[in-house]
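Peer 1:
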Amino acid sequence: MQTSKKIVILGHFGVGKTSLIRRFVEDSFSDNYKVSIGVHITKKVVEIAAGDSMSLILWDLEGTDDLETIRNSYLLGTHGVIFVFDVTRPSTFQNINTDLKIVTEKLPNIPLLVIGNKTDLVVIKELEELLNKNQISTDFLTSAKTGDAVNDVFLKLVNQLNGAT
Amino acid sequence: MNEKDKLEILKDILFTDDREYAEKIAKRIAILEQTINEQKKLTTKVSPIVENQLKEFTKSIPTSLGPTITATLKEEIKKNKDEIVDALFPILGKMIKKYIAQEIKLLSEKINNQLSTKGWKRKFKSWFGGIKEEELILSELSSASIEQVLLIEKNSGILTASYSKTDTMDQEMISGMLTAIKTFVEDAFNQKNQNLELIEYELYQIHLQSFINYYIAVIISGNYTLTSKNKVQDLIFNFYDQFMDIKKSKTLNKDVIEKELAQNFNNADI
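Note that the protein sequences, when read in sequence, are chains A and B.
The first sequence: position 66 = 66 (this note's numbering), numbered continuously.
So the mapping is simple: this note's numbering equals the position in the second sequence, first residue as 1, plus 165.
1) For my contact list, Ile435(B) and Lys396(B) are in at a C-beta cut-off of 8 Å; report their separation, rounded to the angstrom.
2) Please confirm whether Ile57(A) has its beta-carbon closer than 8 Å to some beta-carbon of chain B.
3) Count the other CB atoms, across all protein chains shown, that sit within 10 Å of the CB of Thr18(A); report buried if there are 16 or more and exposed otherwise.
4) Which complete beta strand (DSSP E) runs does the segment 303 to 358 of chain B hold, if anything under 3 residues is left out?
5) Of all Cβ atoms in chain B, is any one closer than 8 Å to the Cβ of Ile41(A)?
6) Which value, in whole angstroms, describes the spacing of the CA atoms of Leu155(A) and Lys286(B)?
7) Which residues, taken in chain order from the segment 1 to 15 of chain A, show a beta carbon closer than 7 Å to some beta carbon of chain B?
8) Interface residues of chain B around Thr78(A) at Cβ under 8 Å?
9) Which residues does DSSP pair with Ile82(A) in a beta bridge?
10) Enumerate in chain order the residues of its own chain whose CB-to-CB distance from Leu107(A) is below 8 Å, with the five nearest sequence positions on each side excluded.
11) With distances taken Cα to Cα, identify the nearest neighbour of Thr146(A) among Gln2(A), Arg22(A) and Lys6(A).
12) Can you tell which of Asn245(B), His372(B) and Tyr379(B) has its C-alpha closest to the C-alpha of Gly387(B)?
13) What's the C-alpha gap between Ala427(B) and Tyr328(B)?
14) Where do the N-terminal and C-terminal ends of the alpha helix (DSSP H) with Leu179(B) fall, by residue?
15) Give the straight-line distance between the Cα atoms of Ser308(B) and Tyr389(B), rounded to the nearest whole angstrom.
16) For the beta strand (DSSP E) containing Ile364(B), name the first residue and the last one.
17) Please decide whether Ser36(A) counts as near chain B, where near means a Cβ-Cβ distance under 8 Å.
18) For Ser167(A), which three-state DSSP category applies?
19) Could you give the distance in angstroms between the alpha-carbon of Ile411(B) and the alpha-carbon of Arg89(A)?
20) Can you give me the C-alpha to C-alpha distance between Gln92(A) and Gly341(B), rounded to a whole angstrom?
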């Protein structure tokens, strides 16, 4: 049996939302950065158990520095959300608590994962210290470029959604 | 009678003719003066002459000016070839492109009609039915046909069930994008309770029918007339009625819904 779930990926401009999806869906990466405009939709079917699968419909929303401006209609019927920030750009996570508050207000009672992306560009130990210092907790630290921890993000979300079904 | 009187009498006798002649000339000069000074009178006299001259001139243009004009044009074209090509290219390019596209379309249609079983069927129909083959082709080409039907969850854009004549791109992704487009347009016009109802894409039209929790997208090819639209709406409402019954009676089973979709929309005459 196959179920379908709508997953929304949110975050500031250029944090690597599209790259994360591309790594997960196509297992590829490109350094050629193109700004996402509006919304781009892709899909990946994940095997849950023998004969059971989950079809993830991934809504890659265009990046915005002000999450209040996100079109609410794009968020309707969302089953899970992934919030992405760029570990090399403090401007994308320095107000993360405010950003997450907006997200949970817009999308209450659904699984939410917080991801710090582009770990290939920093020293992990220094990054962890910086995040601890700023009291920022993440679910995963990923690199869309190397593929590090990318699948884990989506698999955790699938498990959470499967448990909620 | 003195000498002076005699001389006058003699003058009268000798110059009578000259005096009459002089008076006539004076009268003619007065008429001419009047004609020249009065525009209306001058016009009646001069216009026919000018008109004749113009007619003559017009007749003689090809012989008198023609060679000069032709030579000048040739010279200008020779000097400014690039400018002329630039000016004509968009016009001629479009014409040629349109012509070639049209010809290729006709050729492709001819080949298809010659080769397909549909073509043979049409020929038989034409022979036995007494209807011209061209008329049958025209009626086939113009009729609308349902290519695909998608039952989509209104908010999430998740595909609940589908019916399709042919294989297309991933239907779940189509459903998501249709929902994104639909919500974007509806948001953009900021009109509550108004829905996007039709998307036209070259030879295809996507009829969208919204309900409370779902919407149905019917992809149609061919000439989608108002009559066809009415028929499609009837089909949608019939199906949705059955779908609501299925929903009430048991948990949503995709196979059951798709069976209903196929029964309602397969080979539907619109």
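Backbone N, C-alpha and C fix where the C-beta goes; we use that ideal spot for every residue, glycine too.
Peer 2: This is what the structure holds:
1) For this step, residue 435(B) is matched to residue 270 along the second sequence. For this step, residue 396(B) is matched to residue 231 along the second sequence. Confirmed, Cβ separation roughly 4 Å.
2) Working through the first sequence from its first residue, we reach residue 57(A) at position 57. Answer yes: the Cβ-Cβ gap between Ile57(A) and chain B drops below 8 Å somewhere.
3) The residue labelled residue 18(A) in the question sits at position 18 within the first sequence. Classification of Thr18(A): buried, given that the 10 Å Cβ count is 16 or more.
4) 310 to 318 and 324 to 329
5) Translated into positions along the first sequence, residue 41(A) becomes position 41. Answer yes: the Cβ-Cβ gap between Ile41(A) and chain B drops below 8 Å somewhere.
6) Your numbering for residue 155(A) matches position 155 in the first sequence. Your numbering for residue 286(B) matches position 121 in the second sequence. Their backbone Cα atoms lie some 54 Å apart in a straight line.
7) Ser4 and Lys6
8) The residue labelled residue 78(A) in the question sits at position 78 within the first sequence. Simply Ser321.
9) Here residue 82(A) refers to the residue found at position 82 when the first sequence is read from its first residue. Note: Ile82(A) sits in a beta bridge opposite Ile9(A) and Leu113(A).
10) For the purposes of this step, residue 107(A) is taken as residue 107 along the first sequence, with counting starting at 1. Within the same chain, Leu107(A) has close Cβ partners Val8, Leu75, Thr78 and Val81.
11) Here residue 146(A) is taken as the residue at index 146 of the first sequence, counted from 1. With distances taken between Cα atoms, Thr146(A) lies closest to Arg22(A).
12) If you number the second sequence from 1, residue 387(B) lands on position 222. The candidate whose alpha carbon is nearest that of Gly387(B) is His372(B).
13) Numbered from its first residue, the second sequence carries residue 427(B) at position 262. Numbered from its first residue, the second sequence carries residue 328(B) at position 163. Approximately 6 Å between the Cα atoms of the pair.
14) What you label residue 179(B) is simply residue 14 of the second sequence in a count that begins at 1. Taken as a continuous stretch (DSSP letters only), the alpha helix (DSSP H) holding Leu179(B) covers Glu168 to Asn202.
15) Locating residue 308(B) in the second sequence gives position 143, where the first residue counts as 1. Locating residue 389(B) in the second sequence gives position 224, where the first residue counts as 1. Roughly 8 Å between the two C-alpha positions.
16) Sequence index remark: in the second sequence, residue 364(B) carries index 199 (1-based). From DSSP, the beta strand (DSSP E) with Ile364(B) extends over Leu363 to Tyr366.
17) Mapped onto the first sequence, residue 36(A) falls at position 36. Output row for Ser36(A): interface = no.
18) Summary: the structure shown does not reach residue 167(A), with chain A confined to residues 1 through 165, and so no result is reported for it.
19) The residue given as residue 411(B) occupies position 246 in the second sequence. The residue given as residue 89(A) occupies position 89 in the first sequence. Answer to the nearest angstrom: the Cα atoms are 52 Å apart.
20) Reading the first sequence from its first residue, position 92 is the one you call residue 92(A). Reading the second sequence from its first residue, position 176 is the one you call residue 341(B). One point to set straight first is that residue 92(A) is Thr, not Gln, in the sequence displayed. Approximately 28 Å between the Cα atoms of the pair.
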